[in-house]
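Reviewing the structure listed below.
In the working numbering, the protein residues as written are 101 to 313.
Given below as structure tokens:
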């Protein structure tokens with residue numbers, strides 16, 4: 101529990117688009133109902149106001165919680181802060197003080213909705229994922245590119261029976277999710293770049309793959 105400053109971690113979002121925010125609560129012992137709230141300082145005044153709350157729920161599960169967050173079309177562009185709050189027993193205010201829970205701050209970079217910007221995000225995501233994968237060598241996908249394959253095969257150093265996966269597109273939208281297996285059907289995927297996110301009890305691993313025309 102406590103406050104954690106993760107503002108060195110940045111995510112780029114595009115005005116007028118919807119992205120999935122994935123949160124997983126960690127429990128060291130028994131599971132209790134926790135209240136989750138998310139704010140984004142859209143007007144960049146260093147305050148989290150009531151209308152800037154973008155997600156809210158309560159859960160006692162240690163599974164992924166998925167929030168669909170739509171960025172308004174008329175917000176200020178540039179970097180601003182996103183706050184995620186987890187509190188036991190009752191929801192927290194944006195600047196609340198409490199012992200049983202956690203608050204985390206991140207940075208989001210809001211850019212204008214244009215084909216040029218969306219292509220630049222795709223380029224940056226692809227480069228970033230390749231660097232991480234080559235250094236850690238924890239997760240690999242083949243064939244990649246997939247060409248005419250109806251499924252992808254997964255090599256995962258830390259393969260666990262209770263691992264789960266999510267496939268997302270370049271906009272961050274979830275395409276499919278399930279328990280991890282050594283082969284994943286991709287027949288429903290249209291051509292383009294995708295990300296495979298694998299979740300274990302403690303870590304997340306990500307690798308990109310390409311589905312040609």
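Backbone N, C-alpha and C define an ideal beta-carbon position, used for all residues, glycine too.
Cβ-Cβ distance between residue i and residue j below 7 Å
i, j, result
"residue 171", "residue 117", "yes"
"residue 110", "residue 264", "no"
"residue 285", "residue 251", "yes"
"residue 311", "residue 283", "no"
"residue 166", "residue 154", "no"
"residue 295", "residue 268", "yes"
"residue 156", "residue 137", "yes"
"residue 240", "residue 255", "yes"
"residue 140", "residue 182", "yes"
"residue 144", "residue 176", "yes"
"residue 275", "residue 297", "no"
Where residue i falls, given that 16 or more other Cβ within 10 Å makes a residue buried
i, result
"residue 106", "exposed"
"residue 187", "buried"
"residue 133", "exposed"
"residue 313", "exposed"
"residue 303", "exposed"
"residue 248", "exposed"
"residue 119", "buried"
"residue 308", "buried"
Residue range of the beta strand (DSSP E) that includes residue i
i, result
"residue 116", "Counting along the chain, residue 116 falls outside any beta strand (DSSP E), and DSSP gives it neither H nor E."
"residue 267", "264-269"
"residue 278", "274-279"
"residue 247", "Looking at the DSSP string, residue 247 is not in any beta strand (DSSP E), and its letter there is neither H nor E."
"residue 286", "Taken as a continuous stretch (DSSP letters only), residue 286 belongs to no beta strand (DSSP E), as it is neither H nor E."
"residue 177", "Counting along the chain, residue 177 falls outside any beta strand (DSSP E), and DSSP gives it neither H nor E."
"residue 155", "153-159"
"residue 132", "That residue, residue 132, is in no beta strand (DSSP E); it is neither H nor E in DSSP."
"residue 141", "Unbroken run through residue 141: none, as it is neither H nor E."
"residue 307", "304-311"
"residue 299", "292-299"
"residue 148", "Counting along the chain, residue 148 falls outside any beta strand (DSSP E), and DSSP gives it neither H nor E."
"residue 168", "164-170"
"residue 209", "201-211"
Rounded C-alpha distance that separates residue i from residue j
i, j, result
"residue 293", "residue 142", "29 Å"
"residue 104", "residue 185", "10 Å"
"residue 112", "residue 245", "25 Å"
"residue 151", "residue 174", "14 Å"
"residue 299", "residue 305", "7 Å"
"residue 121", "residue 147", "21 Å"
"residue 205", "residue 115", "21 Å"
"residue 201", "residue 243", "43 Å"
"residue 102", "residue 281", "36 Å"
"residue 135", "residue 203", "11 Å"
"residue 149", "residue 262", "39 Å"
Test: residue i CB closer than 7 Å to a CB of chain B
i, result
"residue 166", "Annotation note: the requested chain B is absent from the structure, which comprises a single protein chain."
- Task: Please confirm if the region 204-212 is in contact with the region 151-168, defined as three or more CB-CB distances below 8 Å between the two stretches.
- Result: no
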